[in-house]
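Enquirer: Before we start, here is the structure in question, set down as structure tokens.
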């Protein structure tokens, strides 16, 4: 498991491109028949991917967590962005089509990840946060998610936001998860920019063409930086950082949050005039 420690925003001002990517970008999320996991000390979230091509994969962190099993003190949300997936939780089978989400709560010992069709393997993106109580395992399709139409063509940010794990959807301790899909002709996400010092956030950018790139904006509003992101790469966003992006074409991204509160609308908005 890759370990990422927290950073000081004053120090980050001095980072070059290589150091920014080392600290905040996860380049390889999906590796055939493996779990790819990054443990960040921002709210102790684990960001990862499972790509079961030829075999079933067990959710297991080895001795990295120093717990008896992965979900002993954690909860997790899975988003399938590939072919049909099969997730087995304590012997109960859940079938996930593309853009379906499965939440698995604290206390589940045995979680197995597999593809229903080896010719069209599943790609399971997941985020896991610490949990203080148990919630039921629950699946949600995109059709069942809470959709919000946002933005406009005039501002190049017309998009659909789907909320899966949140206060009015799948219940969890602190994990929130959703998907935002930009319409053709729109390229900007999360504008106006904002921060929420009570929670960290992670992004997975996907549904991008090979040559497409997203310029992910980060940093304090007065000291912005950017990371150039390719398809199926993930970003770790500190609580003190903005997290907006502009692409060379439209794209989709999964956002997850964990931290102090459980309020989706807790955002400190930064108008464009306040960015430097």
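Residue numbers (this note's numbering): 5 to 280. Heads up, the beta-carbon is just placed ideally off N, CA and C, and yes, glycines get one too.
For residue 35, count neighbouring C-beta atoms within 10 Å of its own C-beta (all shown protein chains included) and say buried if the count is 16 or more, exposed if not.
Expert: Its Cβ having fewer than 16 others within 10 Å, residue 35 is exposed.
Enquirer: Ends of the alpha helix (DSSP H) at residue 16?
Expert: Run containing residue 16: 13 to 16, per the alpha helix (DSSP H) assignment.
Enquirer: Would you mind working out which of 275, 190, 147, 145 sits nearest residue 199, comparing C-alpha positions?
Expert: When only C-alpha atoms are compared, the closest one is 275.
Enquirer: Would the beta-carbon of residue 13 fall within 8 Å of that of residue 224?
Expert: In this structure, residue 224 lies closer than 8 Å to residue 13 by Cβ.
Enquirer: Report back the beta-carbon spacing between residue 101 and residue 189 to the nearest angstrom; my notes put them in contact at under 8 Å.
Expert: Actually they are not in contact, since the Cβ atoms of residue 101 and residue 189 sit about 27 Å apart, beyond 8 Å.
Enquirer: Compute the Euclidean distance between the alpha carbons of residue 65 and residue 117, then round it to the nearest angstrom.
Expert: One C-alpha to the other measures close to 14 Å.
Enquirer: Quick one: which unbroken beta strand (DSSP E) runs of 3-plus residues sit fully inside the segment 31 to 76? Chain order, please.
Expert: Listed in chain order, the complete beta strand (DSSP E) runs (minimum 3 residues) inside the segment 31 to 76 are 39 to 44, 50 to 54.
Enquirer: Can you confirm whether residue 150, when its beta carbon is compared against all beta carbons of chain D, has any partner nearer than 8 Å?
Expert: No chain D appears in this structure, which consists of one protein chain only.
Enquirer: Anyone know if the C-beta pair for residue 6 and residue 43 falls short of 8 Å?
Expert: Contact flag set, yes.
Enquirer: I'd like the span of the alpha helix (DSSP H) that includes residue 21, first residue to last.
Expert: Per DSSP, residue 21 belongs to the alpha helix (DSSP H) from 21 to 28.
Enquirer: Over the uninterrupted beta strand (DSSP E) stretch that includes residue 262, give me the two end residues.
Expert: Where residue 262 is concerned, the enclosing beta strand (DSSP E) stretches over 256 to 263.
Enquirer: Report the option in 104, 27, 186 whose CA atom is closest to the CA atom of residue 162.
Expert: Comparing Cα-Cα distances from residue 162 to each of 104, 27, 186, the minimum goes to 186.
Enquirer: Considering only DSSP beta bridges, list what residue 238 is partnered with.
Expert: Partner(s): 30, 208.
Enquirer: CB residue 74 to CB residue 130, shorter than 8 Å?
Expert: Their beta carbons are not under 8 Å apart, which means residue 74 does not touch residue 130 by this criterion.
Enquirer: Nearest to residue 15 by CA position, among 227, 31, 61, 122, is which residue?
Expert: Of 227, 31, 61, 122, the residue nearest in Cα terms is 227.
Enquirer: Please look up how many angstroms separate the CB atoms of residue 115 and residue 39, rounded, as I've assumed it's under 8 Å.
Expert: So it is not a contact: roughly 11 Å between Cβ atoms.
Enquirer: So, are the CB atoms of residue 165 and residue 260 less than 8 Å apart?
Expert: Cβ distance not < 8 Å, so residue 165 and residue 260 don't count as in contact.
Enquirer: Count the other CB atoms, across all protein chains shown, that sit within 10 Å of the CB of residue 237; report buried if there are 16 or more and exposed otherwise.
Expert: Residue 237 should be labelled buried.
Enquirer: Mark residue 277 as exposed unless 16 or more other C-beta atoms lie within 10 angstroms of its C-beta, in which case mark it buried.
Expert: So residue 277 counts as exposed.
Enquirer: My output table needs one value for residue 182: the three-state DSSP class, helix, strand or coil.
Expert: In the structure shown, residue 182 sits in a strand (DSSP, three-state: E or B).
Enquirer: Between the segment 210 to 219 and the segment 147 to 157, are three or more C-beta pairs nearer than 8 Å?
Expert: Segments in contact, no.
Enquirer: Should residue 71 be labelled buried (16 or more other beta-carbon atoms within 10 Å of its own) or exposed?
Expert: Residue 71 should be labelled exposed.
Enquirer: Among 47, 279, 202, 86, whose alpha-carbon lies nearest the alpha-carbon of residue 132?
Expert: Cα-wise, what sits closest to residue 132 is 47.
Enquirer: First and last residue of the beta strand (DSSP E) that includes residue 223?
Expert: Element bounds for residue 223: 218 to 224.
Enquirer: I'd like to know whether the C-beta atoms of residue 110 and residue 94 end up nearer to each other than 8 Å.
Expert: In this structure, residue 94 does not lie closer than 8 Å to residue 110 by Cβ.
Enquirer: Assuming contact is defined by CB atoms lying nearer than 8 Å, are residue 107 and residue 141 in contact in what I supplied?
Expert: Going by C-beta atoms, residue 107 is nearer than 8 Å to residue 141.
Enquirer: Decide if residue 78 is buried, meaning its Cβ has at least 16 other Cβ atoms within 10 Å, or exposed.
Expert: So residue 78 counts as buried.
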